[in-house]
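In my numbering, the protein residues as written are 11 to 453. For glycine and all other residues, C-beta sits at the position ideal for the given N, C-alpha and C. Given the structure is predicted, the values throughout are model-derived calculations rather than measurements. Here the structure is laid out as structure tokens; the discussion comes afterwards.
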Ligand code: PLZ
């Protein structure tokens, strides 16, 4: 186990990382950028160790992936075993038990006790694409409704579903057709205020689908039960539930994209649970496999089984090593009660974020759930003017002090926290001290 302590051995990034970053420029497409160019050598608990011997505190988990921690012992052991047994056969050619075991876990853990089936893929975007394929095939309808501030990936169809132009869509069109976008119930920025938000947003949504798309043409409605890249927006209470119920009334497949929110991140196995929502289909990825690439669509057996044999698949989907990692990760979540741990993380963070809000007067909103928390920064609390510059400055100051932080949001003004659930209180508290100092230095 890596010593759970922040160490600044050099400036950040150090000389060795800078050398590697120069190599990166010469060999990696400029389109693939790095938020904090320290090159990592080892990681575990809540620490990333870089090639210069710096130890950084991790508040990002590689964008909500290393929820069980990096190189989590059960994941490492399961992968080691599997990689020695066999690495690939292709499930569509000659199958193996690990794939089934992951699907069984998904059936057990995702919301609802109805009959379920799953299909496994490699990335979140691929899972979302397949959820749309399944919904279209099963309903015989084409339109898909997504939301403002939504993020669903970077492939052609998922770019179309994703709301934000820069950097995800800019000059990458034309995009897939039959995608329609409706406003999200974003309490902090709802024009008539947070109290009216759920009712009004639901009204706008149902009217919008009715007048612009037609319920009978709509295959699926897809949303993130807490929006991730768009700004950790927690929809106004009741909104998601009403959308899901309304979808059911109209034979529309309700898809919960739990790629970022799933697997204990928000203090439950899935964020839909908090709203008492049972989605027809759930997409998962990220946290599912402790860092190995794996994704899934899980849902109602009648929808999942509607597709003709051979209609779903891919060479690597449900790779045995990735499946073994998922079984190790899920076992870790159960054994270490990581849903509870996520709630403890929230209890630790909230008062500190509130203190930062009181002290610096730049936090318009504190939101999120469990170990998925954020502050939205504004230059004017009354007018709620997004302050992307300040957000970038605070982020840079955190990085320089050895804290790995991430920003997000349609307006680039949300500072988000996604610590691994393997990080201890002491380390998280130190990270929060660094954060507070970064605000002090940047405001
Ligand atoms: N759906 C809700 O959060 C991935 C994207 C980072 P992939 N989010 C991180 C970036 O800039 O590319 C995500 C998500 C939700 C889908 C996806 C897509 O998952 O595994 O990145 O394809």
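Exclusion of the five residues before and after residue 362 leaves 442 as the residues of its chain whose Cβ lies within less than 6 Å of its Cβ. Under DSSP, residue 143 shares a beta bridge with no residue. Contact between the stretch 59–71 and the stretch 310–317 is absent: fewer than 3 CB-CB pairs across the two stretches fall below 8 Å. A direct Cα-to-Cα measurement between residue 155 and residue 95 gives close to 43 Å. The ligand PLZ never approaches residue 91 closely enough for any of its heavy atoms to be under 8 Å from the residue's Cβ.
Between the alpha carbons of residue 80 and residue 434 lies a distance of about 14 Å.
Using a Cβ-Cβ distance cut-off of 8 Å, the stretch 161–170 and the stretch 339–346 are not in contact, since fewer than three pairs of beta carbons, one from each stretch, lie closer than that value.
With a cutoff of 8 Å, residue 155 does not count as near the ligand PLZ, since its C-beta is closer than that to no heavy atom of the ligand. Residues 407, 411 of the same chain have their beta carbon placed closer than 8 Å to that of residue 447, with the five preceding and five following residues left out of the count. When Cβ pairs closer than 8 Å are counted between the two stretches, the stretch 178–188 is seen not to touch the stretch 211–221, the count staying below three.
Scanning its chain for C-beta atoms nearer than 6 Å, with the 5 sequence neighbours on each side dropped, one finds around residue 101 the residues 109, 328, in chain order. Under the DSSP assignment, residue 107 falls in the alpha helix (DSSP H) whose first and last residues are 107–119. If you check the CB distance, residue 276 and residue 381 come in under 9 Å. With contacts defined as CB atoms closer than 9 Å, residue 131 and residue 337 fail to qualify as a contacting pair. When C-beta atoms of the stretch 314–324 are compared with those of the stretch 141–148, three or more pairs fall below 8 Å, so the two segments count as touching. In the structure shown, residue 220 adopts helical secondary structure according to DSSP, grouped into three states. Fewer than three Cβ pairs drawn from the stretch 31–39 and the stretch 70–85 lie within less than 8 Å of each other, which leaves the two stretches out of contact. A distance filter of 5 Å between CB atoms and the heavy atoms of the ligand PLZ selects the following residues in sequence order: 73, 133, 134, 135, 162, 163, 234, 238, 267, 269, 270, 295. Annotation: residue 391 is outside any alpha helix (DSSP H) and is labelled neither H nor E by DSSP.
Taking the Cα positions, residue 325 is about 14 Å away from residue 140. According to DSSP, residue 396 shares a beta bridge with 388. Between residue 281 and residue 294, the C-beta gap is not smaller than 9 Å, which leaves the two residues out of contact. Just so you know, the alpha carbons of residue 392 and residue 399 end up roughly 18 Å apart.
Collapsing the DSSP output to three states places residue 43 in coil.
The stretch 200–211 and the stretch 249–267 touch, with no fewer than 3 CB-CB distances between them shorter than 8 Å.
Using a Cβ distance threshold of 9 Å, residue 374 and residue 387 count as a contacting pair. Between residue 308 and residue 322, the C-beta gap is not smaller than 9 Å, which leaves the two residues out of contact.
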